[in-house]
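Engineer:
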């Protein structure tokens, strides 16, 4: 193995903001005062917030030091399964920071915001085209709100058909947001067990689907990294009872240019722009969770919608069946600009993206399956799921393997998910990594497997290199300290 | 996690399939979770309990117990009215880990039908059930 | 393609290792009738072409930089200090995921812990979460939380002077549920009429915005009293948090939940998003909060550090019983807000807030002196309503040609308020801008 990426380095401590500074310092330049003071009536006036006063230099040191305690995609490989931590192109940031976009008030008349309306219109069309569906709305702020939009569409559709339904089928491999979003719409989640090959079998759906069930939520490819091969048969069963099929597109990065979700029988699909379409995760957000639908569900999409009228674009509220508004304005527009830039940059090479992502995952799977247990040894999509079964005998767990990877300079994979695999290690390399990086990751994982046998303490006590070691999460939850 | 032989199963309580225990205390019964249950859950960080005066049927969910990354529901071994809750658990949920049958008790209930107690599993029956789970 | 690094040689080595002939064979598990019949058909641009194309799109936008925008209504043009923009662009913050691995996420975690702290101090509250999507969704979540706290009540009330867009989102969130939303009427003076509160049965919570959509500062102390008298949760919301630089904090007025939009705190308007949904509450409701929370703890060596905590509330653990379905939030925007509050400091924040109020008062008086009516008397912060003479809508259009946006017409939201416009003045508008506006509306 080449020299590890992870190494020692000088890490600087940094106190809280309020442990720095001194009264009267400032990091801000106020505009010159050109009007008289007009104080509030005394009974309304408060004392103002108790914020620390810092100089600009202090501010810069503070946040620069904090930033060095983080690991981002720009730092190194981030094989976090189902999160699609791909490279975030820098030109996207440039486009999103154009003053015409950043300085735009959302309530100006439509003739004064044609650029943004055109971008939204074209982005929605491009997303629907990639999905193989007929229409899209970019209003949902993140994946979970996209799911909520989808579930609201389900509820609205059934109300429109004259009968509200109370249940929804959700496979046991689903992300927790699926049942949570369904519950917000008043649907009772009914769990569908995954079949022996890691995919849903039509019989399991047939047994549960009835006329009080609104439909099914399927993540496809699923969280085991497998394509739901029976999706069409499942869709037929659901449609036969006038149910709808929702696909969670968290894993769309595997199948762009390959799968046509419309042909597969999917009625609604949500997409994460912060996964598949390269917008940065920002340490947890903001994201954007567009929802795509088939023609007959288009009337239910969130409003307002951008419509084309002549040469121009306008916002229209004229959708009486719409589920309504999900965001105060139109969603996370700044994120849409980045995704749009990415789509225009990639063009039809989005298919290459999926091909390389799938190749990388299968390559890792083949190169690690002799040292880590592979519960489903079949061709995978863009991620592969191992477990800690072979390491158990050495009293080494998935958590230990993950933490040891940190010492070697890699971000850990997703762990303990999906729940159906005990001690799951879910690896999604994305298309962004070069063969050398992937080989280095594989060599590191193999070295860790060897360490687990020979010197398990190295794993159990990992990580040692970062600013802090394993955290006492029990104390954090027992005696919550949520502010300074 | 403990081996079955290490699990503390006192003789003076009765057990349920959901891993609660009950013990007569004067006119009422004390309720908690078993040593096996607390060991499976790991470090307990929060216990959510009902209010005194609440009434439940046998098998009803009466609260939850949380570790850092899991939540488990608590079920009534017998139907009745809550007459006391263990307020010490609010600040010290770890009592459920350290003393599940004593300081880590959760509720005291007044039971409509005290004979229901005799329907619960004794130590031997519960231990048999746990052995079944192991296999 | 510069984002993909595999050469033909790489591909051939890797395909061989996987045991397939070509890239297409990787997708052999996908049934043919699920595959596309036609290939993708998307335009592809070089970086040069993209720059031109995007500049053209951005050029067809009105921005606060070249127009005199006197509009707020939930999106505010404030100056963003270069230092916060610069620091926020550090890729360690931008390109990191949710801090599930705390050992290598301490930067985000401490930054968000500081954000939570400063938000608590700003609003006078005990706990704040790590952010929600936006102000509208925050209000919806607050109302759902009030229902959870009440355990069995099914009705909430919302002031008709809460931002109309927030009320629409509330409607969307509540439509499929068994719960009811009652709208509270407004009084003639532009504040919320709470007199009918005692006639609403089963009331779990009430949301009041202050400053409200008309810019008027509500009597929150009286509102809190009236709402608590009904045994309901007192929710206050806002779209302009800068106001709390000089206003009494809602926490000091006994609010149970305080929430709203934080775009004003160093985040560009960006055609309405991304901003940041701020959400804070009293300590006793901490286990009912939606969204992520960062907490302080220690590591294996006893060193101070931070983790995501109380996660059992959240969807990845509690699934359908979670307090909310939110997963991704607006973390980077919360970082921006933290940086912005720190850049201003307590002193600067107060001064900036005062300047906003002073400028708005200047314009208000100047318009009054010009003979225009200010229909609502209560004190305001940086927004207020003006009643213009009949036919002003044509003048308003004509002013657009002169690059002046003279407020937002209220008639779209309150049909009875013809000729009423909501005007906003921040620190970015100069006395000259305001004098020009007054001169124009007089002519």
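Protein chains in written order, with our numbering: chain A, 14 to 497; chain B, -3 to 131; chain C, 193 to 635.
Where a beta carbon is used, it is the ideal one built from N, C-alpha and C, also for glycine.
In this text the structure is predicted, and so the values were computed from the model without any measurement.
(1) Using a Cβ-Cβ distance cut-off of 9 angstroms, determine whether residue 45 (chain A) contacts chain B.
(2) Under 7 angstroms Cβ to Cβ from residue 108 (chain B), same chain only, skipping five residues before and after it: list those, please.
(3) Chain C beta carbons: is any one of them nearer than 9 angstroms to that of residue 293 (chain A)?
(4) Nearest to residue 501 (chain C) by CA position, among B:16, B:64 and B:100, is which residue?
(5) Closest by CA to residue 233 (chain C), which one among A:38, A:236, A:246 and A:359?
(6) State the Cα-Cα distance for the pair residue 171 (chain A) and residue 277 (chain A), rounded to the nearest angstrom.
(7) Tell me which residues of the region 222 to 238 of chain C have at least one Cβ-Cβ distance to chain A shorter than 8 angstroms, keeping chain order.
(8) Would a C-beta distance cut-off of 9 angstroms place residue 500 (chain A) and residue 461 (chain A) closer than the cut-off?
(9) Distance cutoff 9 angstroms, beta carbons only. Does residue 491 (chain A) sit that close to anything in chain B?
(10) Can you tell me where the beta strand (DSSP E) with residue 260 (chain A) in it begins and where it stops?
(11) Using a 10 Å radius around the Cβ and a threshold of 16 neighbouring Cβ atoms, would you call residue 435 (chain A) buried or exposed?
(12) Return the chain-ordered list of same chain residues with a C-beta closer than 7 angstroms to the C-beta of residue 386 (chain C), the five sequence neighbours on each side being excluded.
(13) From what residue to what residue does the alpha helix (DSSP H) around residue 545 (chain C) run?
(14) In three-state DSSP terms, what is residue 230 (chain A)?
(15) Helix, strand or coil for residue 586 (chain C), going by three-state DSSP, please let me know.
(16) Spatial neighbours of residue 275 (chain C) within its chain, please: CB distance less than 7 angstroms, with the 5 preceding and 5 following residues excluded, ordered by chain position.
(17) For residue 8 (chain B), which three-state DSSP category applies?
(18) So for residue 326 (chain A), helix, strand or coil by DSSP?
(19) Just grab the DSSP bridge partners of residue 282 (chain A) for me.
(20) Beta carbons nearer than 8 angstroms to chain A: which residues of the region 83 to 97 of chain B have them?
(21) Given that residue 487 (chain A) touches chain B, what residues does it touch there, using C-beta distances under 7 angstroms?
(22) May I ask you to report which of helix, strand or coil DSSP gives residue 439 (chain A)?
(23) Please return the same chain residues whose Cβ sits closer than 6 angstroms to the Cβ of residue 36 (chain A), not counting the five positions on each side in sequence.
(24) Going by other Cβ atoms of all chains shown within 10 Å of its Cβ, with 16 needed for buried, is residue 154 (chain A) buried or exposed?
(25) Nearest by alpha-carbon distance to residue 49 (chain B): which of B:80, B:35 and B:93 is it?
(26) In this structure, how does DSSP classify residue 69 (chain A) when only helix, strand and coil are distinguished?
(27) What are the residues of the region 184 to 195 of chain A that lie near chain C, defined by any Cβ-Cβ distance shorter than 9 angstroms?
(28) Report the neighbours of residue 504 (chain C) on chain B: residues whose CB is nearer than 9 angstroms to its CB, in chain order.
(29) Which first and last residues belong to the beta strand (DSSP E) in which residue 429 (chain C) is found?
(30) Tell me the rounded alpha-carbon separation between residue 24 (chain B) and residue 510 (chain C).
(31) For the 8 angstroms Cβ check, are there 3 or more pairs between the region 174 to 194 of chain A and the region 322 to 338 of chain A?
(32) At a cut-off of 8 angstroms, would you count residue 163 (chain A) as near the ligand GTP, judging by its Cβ distance to the nearest heavy atom?
(33) Decide if the region 249 to 258 of chain C is in contact with the region 438 to 453 of chain C; the criterion is three or more beta carbon pairs, one per stretch, under 8 angstroms apart.
(34) Could you give the DSSP three-state label for residue 166 (chain A): helix, strand or coil?
(35) Kindly indicate the opening and closing residues of the alpha helix (DSSP H) around residue 471 (chain C).
(36) Flag residue 269 (chain C) as yes if its beta-carbon sits less than 9 angstroms from any beta-carbon of chain A, otherwise no.
Structural biologist: Result, derived from the coordinates:
(1) What you label residue 45 (chain A) is simply residue 32 of the first chain in a count that begins at 1. So, not an interface residue.
(2) Position 112 of the second chain, counted from the first residue, corresponds to residue 108 (chain B). If we look at residue 108 (chain B) and ignore the five residues flanking it on each side, its Cβ neighbours are 75 and 76.
(3) In the first chain, the residue the question calls residue 293 (chain A) occupies position 280. Judged by the 9 angstroms Cβ criterion, residue 293 (chain A) is in contact with chain C.
(4) Translated into positions along the third chain, residue 501 (chain C) becomes position 309. Measuring from the Cα of residue 501 (chain C), the nearest candidate turns out to be B:64.
(5) Position 41 of the third chain, counted from the start, is the residue given in the question as residue 233 (chain C). The shortest Cα separation from residue 233 (chain C) among A:38, A:236, A:246 and A:359 belongs to A:359.
(6) In the first chain, residue 171 (chain A) corresponds to position 158, counting from 1. In the first chain, residue 277 (chain A) corresponds to position 264, counting from 1. Using only the alpha carbons, I get a separation of about 22 angstroms.
(7) 222, 223, 225, 226, 227, 228, 229, 231, 232, 233, 234, 235, 236 and 237
(8) The structure shown does not extend to residue 500 (chain A), since chain A spans only 14 to 497, so no value can be given for it.
(9) Start at 1 with the first residue of the first chain, and residue 491 (chain A) comes out as number 478. Residue 491 (chain A) counts as touching chain B.
(10) Taking the first chain and counting its residues from 1, the one referred to as residue 260 (chain A) is at position 247. It spans 257 to 261 - the beta strand (DSSP E) in which residue 260 (chain A) sits, taken as one unbroken run.
(11) Numbered from its first residue, the first chain carries residue 435 (chain A) at position 422. Exposed, since its Cβ has fewer than 16 Cβ neighbours within 10 Å.
(12) Counting from 1 along the third chain, the entry for residue 386 (chain C) is found at position 194. Here the set comprises 376, 415 and 418.
(13) Translated into the one-based positions of the third chain, residue 545 (chain C) becomes position 353. Taken as a continuous stretch (DSSP letters only), the alpha helix (DSSP H) holding residue 545 (chain C) covers 523 to 561.
(14) Stepping through the first chain from its first residue, residue 230 (chain A) is reached at position 217. Note: residue 230 (chain A) maps to strand in three-state DSSP.
(15) To locate residue 586 (chain C), count along the third chain from 1; it is residue 394. The answer is helix: DSSP assigns residue 586 (chain C) an H, G or I state.
(16) As a position in the third chain, residue 275 (chain C) is number 83, starting the count at 1. Answer for residue 275 (chain C): 535, listed in chain order.
(17) For the purposes of this step, residue 8 (chain B) is taken as the residue at position 12 of the second chain. Residue 8 (chain B): coil per DSSP, three-state reduction.
(18) Along the first chain, read from residue 1 onward, the residue named residue 326 (chain A) stands at position 313. Reduced to three states, the DSSP call for residue 326 (chain A) is strand.
(19) As a first step, residue 282 (chain A) is located in the first chain; it is residue number 269 there, counting from the start. Partner(s): A:260 and A:305.
(20) 89 and 90
(21) Along the first chain, one-based indexing puts residue 487 (chain A) at 474. Among the residues of chain B, those whose CB is under 7 angstroms from the CB of residue 487 (chain A) are 39, 41 and 64, following chain order.
(22) For the purposes of this step, residue 439 (chain A) is taken as residue 426 along the first chain, with counting starting at 1. DSSP places residue 439 (chain A) in strand when its eight states are reduced to three.
(23) To locate residue 36 (chain A), count along the first chain from 1; it is residue 23. Once the five neighbours on either side are set aside, the close Cβ partners of residue 36 (chain A) are 66.
(24) Position 141 of the first chain holds residue 154 (chain A). It is buried - the Cβ of residue 154 (chain A) has at least 16 other Cβ atoms within 10 Å.
(25) Position 53 of the second chain holds residue 49 (chain B). Measuring from the Cα of residue 49 (chain B), the nearest candidate turns out to be B:80.
(26) The residue given as residue 69 (chain A) occupies position 56 in the first chain. Residue 69 (chain A) falls in the helix class under three-state DSSP.
(27) 187, 188, 189, 190, 191, 192, 193, 194 and 195
(28) Against the third chain, residue 504 (chain C) aligns to sequence position 312. Simply 41, 42, 60, 62, 63, 64, 65, 66 and 67.
(29) By one-based count along the third chain, residue 429 (chain C) stands at place 237. DSSP places residue 429 (chain C) inside the beta strand (DSSP E), whose first and last residues are 425 to 430.
(30) The residue given as residue 24 (chain B) occupies position 28 in the second chain. The residue given as residue 510 (chain C) occupies position 318 in the third chain. Rounded to the nearest angstrom, the two C-alpha atoms are 33 angstroms apart.
(31) The region 174 to 194 of chain A and the region 322 to 338 of chain A do not touch, with fewer than 3 CB-CB distances between them shorter than 8 angstroms.
(32) Absence of the ligand GTP is noted for the structure shown, with no ligands found whatsoever.
(33) no
(34) For the purposes of this step, residue 166 (chain A) is taken as the residue at position 153 of the first chain. In this structure, residue 166 (chain A) counts as helix in the three-state DSSP scheme.
(35) Taking the third chain and counting its residues from 1, the one referred to as residue 471 (chain C) is at position 279. From DSSP, residue 471 (chain C) is part of no alpha helix (DSSP H) but of the beta strand (DSSP E) over 469 to 473.
(36) In the third chain, counting from the first residue as 1, residue 269 (chain C) sits at position 77. Yes, residue 269 (chain C) lies at the interface with chain A (some Cβ there is under 9 angstroms from its Cβ).
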